[in-house]
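Chemist: Heads up, the sequence shown is in this note's numbering, so the first residue is 597 and it goes up one at a time.
One structure, as structure tokens, below. Some questions next.
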Amino acid sequence: MKGIGIMGGTFDPIHMGHLLTAEYVRDAYGLEKVLFIPAANSPFKLEKKVESAEDRLAMTRLAVADNPHFEASDIEMRREGVSYTSDTIALLRAHFGPDVPLYFITGADAINDLPAWHHPRELLELCHFIAATRQGTALDLPKLRAFFGALCDAHIHELATPELEISSTEIRARIRQGRSIRYMVPESVETYIRKEGLYRCVME
Ligand SMILES: Nc1ncnc2c1ncn2[C@@H]1O[C@H](COP(=O)(O)OP(=O)(O)OP(=O)(O)O)[C@@H](O)[C@H]1O
Ligand SMILES: O=C(O)c1ccc[n+]([C@@H]2O[C@H](COP(=O)([O-])O)[C@@H](O)[C@H]2O)c1
């Protein structure tokens, strides 16, 4: 049975690093599709000012529009409160049924913090995690094994992906500085950012 990839993020804005990683994982695991889910209120970024949920979702929709295997989902935007991944995965598990493998895609740096996520054991029982290795990061297997036991090796997988060393933080800074973001985000996303005047003033 083909699996479903889930790429969750603040996507402020979505960039080529997110898209390349998702496509690389989709191909490597033969996934049917990858859902891109912008977080309404990302648990570890609650204090951070971000662009509106509508703008981040609109940019995500534009970014995935030309890939038939990609889909933007507003599943977290339709919920109030903190966007816990365990709640999202429980909803997706109910939607897709018990037999479809779900793969949550994340950077390896983020996955090492998984024990601090909301209901981490229940979450890991419901889905697999693919840790896309980025420069200078590696899975902290002793920590993850100590916390999750056998579930760690069964449900956490590392995949070396090509590294695009760009971040949404850098993109926002470059826009403020009047510098180019060409090739860092899809053209349609850049057009949206310029038209809506996003990231021109300091928010962080
Ligand atoms: N260049 C990249 N290559 C691969 N994965 C990435 C890259 N940048 C972010 N990710 C991963 O994508 C997911 C969503 O990231 P997020 O939307 O927070 O982007 P970000 O660029 O890290 O943002 P910010 O700079 O605002 O913190 C996370 O799992 C993160 O580890
Ligand atoms: O559920 C949690 O406790 C949790 C804690 C930290 C991050 N996440 C999810 O991880 C994804 C990447 O988050 P971020 O903040 O790096 O954009 C996004 O989908 C978040 O909702 C989830």
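Glycine included, every Cβ here is placed at the ideal spot set by N, Cα and C.
In this text, all values refer to a predicted model and were calculated from it rather than measured experimentally.
#1: Is Lys629 helix, strand or coil by DSSP?
#2: Nearest to Asp695 by CA position, among Leu794, Met597, Arg796, is which residue?
#3: Is the segment 626 to 641 touching the segment 670 to 683 in the sense that three or more CB pairs, one from each, lie closer than 8 Å?
#4: Is Ala706 near ligand 1 - that is, is its Cβ less than 6 Å away from at least one heavy atom of it?
#5: Report whether the distance from the Cβ of Gly703 to the nearest heavy atom of ligand 1 is below 6 Å.
#6: Could you spell out where the beta strand (DSSP E) holding Phe725 opens and where it closes?
#7: I'd like to confirm the pairing. Which residues does DSSP put opposite Phe700 in its beta bridges?
#8: Since I believe Ile685 is in contact with Leu719 (beta carbons under 8 Å), could you give me their beta-carbon distance rounded to a whole number of angstroms?
#9: Is it buried or exposed, Val609, if we count other Cβ atoms within 10 angstroms and call 16 or more buried?
#10: Tell me whether His691 is buried or exposed, calling it buried when 16 or more other Cβ atoms sit within 10 Å of its Cβ.
#11: If we count the other Cβ atoms within 10 Å of its Cβ and call it buried at 16 or more, is Leu658 buried or exposed?
#12: Taking the Cβ atom as the reference point for each residue, do Ile701 and Val621 lie within a distance shorter than 7 Å?
#13: Rounded to the nearest angstrom, how far is the Cβ of Ala755 from that of Ile726, given a contact under 8 Å?
#14: Heavy atom of ligand 1 less than 6 Å from the Cβ of Ile762, yes or no?
#15: Phe666: buried (16+ other C-beta within 10 angstroms of its C-beta) or exposed?
#16: Use the C-beta contact count for Tyr788: other C-beta atoms within 10 angstroms, 16 or more gives buried, fewer gives exposed.
#17: Rounded to whole angstroms, what's the CA-CA distance from Ser784 to Arg768? Just pull it up for me.
#18: Taking 7 Å as the threshold (C-beta atoms), are Thr606 and Ser638 in contact?
#19: Beta-carbon within less than 8 Å of Tyr779's beta-carbon, same chain only, minus the 5 sequence neighbours each way: which residues are those?
#20: To the nearest angstrom, how far is it from the Cα of Val781 to the Cα of Ile671?
Modeler: From the atom records:
#1: strand
#2: Met597
#3: yes
#4: yes
#5: yes
#6: 724 to 729
#7: Ile602, Phe725
#8: 6 Å
#9: Sequence inspection shows Pro at residue 609; the Val mentioned does not correspond to that position. Buried.
#10: exposed
#11: buried
#12: yes
#13: For the record, residue 755 in the displayed sequence is Leu; it is not Ala. Yes, they are in contact, since the Cβ atoms of Leu755 and Ile726 sit about 6 Å apart, within 8 Å.
#14: yes
#15: buried
#16: buried
#17: 16 Å
#18: yes
#19: Met612
#20: 23 Å
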